[in-house]
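2 protein chains.
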Amino acid sequence: MKQLILGLAATLMMTTAHAEPTATGDLGLVIERAKGSVLLVDQSDRAALARIEGLGDLSHASLVYSPDQRFAYVFGRDGGLTKIDIVTRQIVNRVVQAGNAIGGAISDDGQLVAVSNYEPGGVRVFDAETLEMVADIPTDSKTIGLVDAPGRRFVFTMWDSGETWIADFNKGDPEITKISDMGKNPYDALITANGRTYITGLFGEDGLTALDLWAETPEPIRVLPDYGRGQEEMPVYKMPHLEGWALTGREFVLPAVGHHEVLWIDSDTLTETGRTKTHGQPVFAMARPDGRQVWVNFAHPLNNTIQVIDSVSKDIIHEFKPGPAVLHMEFTPRGHEVWLSVRDANKVMVYDTQTFEKLREIEADSPSGIFFTARAHRTGL
Amino acid sequence: MKQLILGLAATLMMTTAHAEPTATGDLGLVIERAKGSVLLVDQSDRAALARIEGLGDLSHASLVYSPDQRFAYVFGRDGGLTKIDIVTRQIVNRVVQAGNAIGGAISDDGQLVAVSNYEPGGVRVFDAETLEMVADIPTDSKTIGLVDAPGRRFVFTMWDSGETWIADFNKGDPEITKISDMGKNPYDALITANGRTYITGLFGEDGLTALDLWAETPEPIRVLPDYGRGQEEMPVYKMPHLEGWALTGREFVLPAVGHHEVLWIDSDTLTETGRTKTHGQPVFAMARPDGRQVWVNFAHPLNNTIQVIDSVSKDIIHEFKPGPAVLHMEFTPRGHEVWLSVRDANKVMVYDTQTFEKLREIEADSPSGIFFTARAHRTGL
Chain A
0 MKQLILGLAA
10 TLMMTTAHAE
20 PTATGDLGLV
30 IERAKGSVLL
40 VDQSDRAALA
50 RIEGLGDLSH
60 ASLVYSPDQR
70 FAYVFGRDGG
80 LTKIDIVTRQ
90 IVNRVVQAGN
100 AIGGAISDDG
110 QLVAVSNYEP
120 GGVRVFDAET
130 LEMVADIPTD
140 SKTIGLVDAP
150 GRRFVFTMWD
160 SGETWIADFN
170 KGDPEITKIS
180 DMGKNPYDAL
190 ITANGRTYIT
200 GLFGEDGLTA
210 LDLWAETPEP
220 IRVLPDYGRG
230 QEEMPVYKMP
240 HLEGWALTGR
250 EFVLPAVGHH
260 EVLWIDSDTL
270 TETGRTKTHG
280 QPVFAMARPD
290 GRQVWVNFAH
300 PLNNTIQVID
310 SVSKDIIHEF
320 KPGPAVLHME
330 FTPRGHEVWL
340 SVRDANKVMV
350 YDTQTFEKLR
360 EIEADSPSGI
370 FFTARAHRTG
380 L
Chain B
0 MKQLILGLAA
10 TLMMTTAHAE
20 PTATGDLGLV
30 IERAKGSVLL
40 VDQSDRAALA
50 RIEGLGDLSH
60 ASLVYSPDQR
70 FAYVFGRDGG
80 LTKIDIVTRQ
90 IVNRVVQAGN
100 AIGGAISDDG
110 QLVAVSNYEP
120 GGVRVFDAET
130 LEMVADIPTD
140 SKTIGLVDAP
150 GRRFVFTMWD
160 SGETWIADFN
170 KGDPEITKIS
180 DMGKNPYDAL
190 ITANGRTYIT
200 GLFGEDGLTA
210 LDLWAETPEP
220 IRVLPDYGRG
230 QEEMPVYKMP
240 HLEGWALTGR
250 EFVLPAVGHH
260 EVLWIDSDTL
270 TETGRTKTHG
280 QPVFAMARPD
290 GRQVWVNFAH
300 PLNNTIQVID
310 SVSKDIIHEF
320 KPGPAVLHME
330 FTPRGHEVWL
340 SVRDANKVMV
350 YDTQTFEKLR
360 EIEADSPSGI
370 FFTARAHRTG
380 L
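Each protein sequence line maps, in turn, to chains A and B. If you're matching positions, the first sequence starts at 0 in numbering that gives the first Met the number 0 and goes up one per residue. If you're matching positions, the second sequence starts at 0 in numbering that gives the first Met the number 0 and goes up one per residue.
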């Protein structure tokens, strides 16, 4: 395997301004959580191109891309919002917009970047060009589950009050629609890829709550009433990531809470259609873009393992141990390869999804989230 | 409206080598069918950037993009295969690979470009880097409906023999699987966005034929037995474009053959669920990426009109006349705008899909197909 290991030092290019003609369709950024840096990577070459430093606290960081796939907006845990130019490989702007932030989103026209904050609670919206604040939406609550929706809208949910708000920027100043009774202590949410259905996970009670954003007046719809912690006491950090939900044809795959299994859910009726036993407590269950496979990683201490499930038979067809602390997976846009962050091996690993062969190891410092630029063209990522 | 018209002469940049830092995520190419040229456009700026000439006969032309969204492979009617670098804005290679060609595809790993030929009938496969031929697959038939499928596969169908072939390049040399009895004179085909279902339209009889590419041994499945020309005699050029099929949540929208309506089809069972009367014979019925709207254009002489259908109510919610000969529509990847080719106005027009307001007119010479680079990351486009 030695020959597959690319020495980062040897392959890193200068992080000073870079002005070669560059196409950005197959690039990506990997969060290096301990260092406060991101690694610019190239899918086609399976290589690291540059490290960009100085992004603050990147524990639990995420990012979105501009529609031209030139700029990344990185949301740090410390409230930092950093704009990176991946063509010149430099930070072009950075603001610390709150004390404690938890993710962001970009409007469908690419002009507005929104950040969801714990402290002070609420959402702040910035001009994507200048990072000047264009709207401040205080919510008197920790605010979670922020996503973009078609039509220059953002949707987000309040941990304390159990409300979901829709902020519509179509006419300039936001029009806010408030939906109450989403459930007790929503802790995360997702929007389906078509931007129609918004679903919140609940920490304070079992079940999930869905909203049909195509309805004239969206109303909370309780689904999967048995889904959740049940009688078990578990810390929040073990709740599965909802954004990892996988859509395979007509079904979603949903990591169970606290149990060693994934649940199959009819995407239309949001009712359970089956379960598959897994190696441990699933964290992410990610569908390959064609939906034929679902890749699952697991919570500590079983987080050195990946299982692959066939979405037709619902059987596990492959299991392997990439290394200690597999935190995240990202498929190439058409699904022929998958990149894994193996944090405690300080490596990103690239696998062929047909043969399961390891194609490359790339050195990275405590890698966590992997974000390919194709996300620029998807809703809710 | 004058102020919206961008003079092409004023905005065109030199077509000589261009080496500014460029991001390619929001670019696109418009086929200029009469001139044998393509127009490089920028979605965010709603502008033409450059014209690239010398591509031969571009009547009925199409193109695909490399995974990095840097190179376009243009398939001309005359058998020409032209590789364009949209960063330097130049033709980098061109081969005339057959006498009469009808479209192409690129493998999921971006390494193979395949072209479907009438004369001589068959498929030829080229190295995407060099355009050297790596496989010649004669079929003794006009070959249509060529698409890429996950796993380095191409699928295509024979007009004369009614066979569909799957060419699997996963191990280097292609392994060919032949499926017979697809129906009489298949004239076009599509693959669903997840790469699972391949559907052929038939000229020689009514009905459509589907293949489940996830099956161990795919078998022809006859669906929609009443779909087709019926007793009417119509020339081939009025058969609707199958690749225009729109997926809206759980349903496809299918242009009727010869009738002034579109059909709604359950995507799972491939049975009809409803019809919507339209202004004329539909040519393309394209879903906005979120699936909420379907935009329809029409055959001559009603081809100056667009109708927009709401996919929930199935009612027509908007109708307008962009100008003479609206040939093609392309949505921005997240659907907030749509670009229309209005051939006989020599313009591409850009509309807001929420307000239906016209945002820009861009001069173009007899524009037909519009292809945005986001297609690089989709299967079967």
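Backbone N, C-alpha and C define an ideal beta-carbon position, used for all residues, glycine too.
With contact defined as three or more Cβ pairs closer than 8 Å, the segment 137-148 of chain A and the segment 354-366 of chain B are not in contact. Nearest CB-CB separation between B:D180 and chain A: not below the 8 Å threshold. Think of a sphere of 8 Å around the beta carbon of B:H278: no beta carbon from chain A falls inside it, the nearest being about 25 Å out. Cβ neighbours of B:V146 within its own chain (closer than 6 Å, five residues either side excluded): A104, V154, I190, G379. Flagged as an interface residue toward chain A: B:V311, by a C-beta distance shorter than 8 Å. Within the segment 101-164 of chain A, no run of alpha helix (DSSP H) reaches 4 residues while sitting entirely inside it. Straight-line measurement puts the Cα of B:A148 at about 30 Å from the Cα of A:E271. Three or more beta-carbon pairs separated by less than 8 Å are not found between the segment 345-365 of chain B and the segment 91-106 of chain A, which leaves the two stretches without contact. Scanning its chain for C-beta atoms nearer than 8 Å, with the 5 sequence neighbours on each side dropped, one finds around B:P119 the residues A97, G98, P137, in chain order.
Distances from the alpha-carbon of A:R152 to those of A:N303, A:R69, A:A298, A:G171 put A:G171 closest. Proximity to B:T331 across A:A375, A:V114, A:V295 peaks at A:A375, based on C-alpha coordinates.
Residues of the segment 356-376 of chain A that bring their beta carbon within less than 8 Å of a beta carbon in chain B comprise T372, A373, A375, H376, in sequence order.
The beta carbon of B:P217 sits closer than 7 Å to those of I178, L210, D211, all from its chain and outside the five residues before and after it, given in chain order. Listed along chain A are R291, V311, each with a C-beta nearer than 7 Å to that of B:W213. Contact between the segment 20-32 of chain B and the segment 55-70 of chain B is present, with at least three C-beta pairs closer than 8 Å. Looking at the backbone, the Cα of A:I316 and that of A:K276 are separated by about 12 Å. Judged by beta-carbon spacing, B:R291 lies beyond the 8 Å limit of A:W158, meaning their Cβ atoms are not closer than that value.
Cβ proximity to chain B below 7 Å picks out V86, T87 from the segment 84-101 of chain A.
B:P288 counts as buried, since at least 16 other C-beta atoms from the protein chains shown sit within 10 angstroms of its C-beta. Residue environment: A:V91 is assigned as exposed (fewer than 16 neighbouring CB atoms within 10 Å of its CB, all protein chains considered). A direct Cα-Cα distance of roughly 18 Å separates B:A344 from B:R45. The CB of B:P332 comes closer than 7 Å to the CB of H376 in chain A, given here in chain order.
In the three-state scheme derived from DSSP, where H, G and I count as helix and E and B as strand, B:H327 is classed as strand. Per DSSP, reduced to three states, the secondary structure at B:A344 is helical. DSSP places A:H278 in the coil class of the three-state scheme, outside both helix and strand. The CB of B:P66 comes closer than 8 Å to the CB of G24, D25, Q42, S43, T331, P332, R333 in chain A, given here in chain order. Among the residues of chain A, those whose CB is under 7 Å from the CB of B:Q353 are G150, N169, following chain order. Burial of B:H335 is indicated by the presence of at least 16 other C-beta atoms within 10 angstroms of its C-beta. A distance below 8 Å separates the beta carbons of A:V29 and A:V347.
Taking A:S58 as the centre and dropping the five residues before and after it, the same chain places the C-beta of R32, R76 closer than 7 Å to its C-beta, in chain order.
Along the segment 245-260 of chain A, the positions whose C-beta sits under 7 Å from a C-beta of chain B are G248, R249, read in chain order. Using a CB distance cut-off of 8 Å, B:G103 does not count as an interface residue toward chain A. By DSSP's assignment, A:N193 forms no beta bridge with any residue. Residue contact with chain B for A:D267: present (Cβ-Cβ distance below 8 Å to some residue of chain B).
A:G194 has a beta carbon lying within less than 8 Å of a beta carbon in chain B. C-alpha of A:S310 to C-alpha of B:L246: approximately 21 Å in a straight line.
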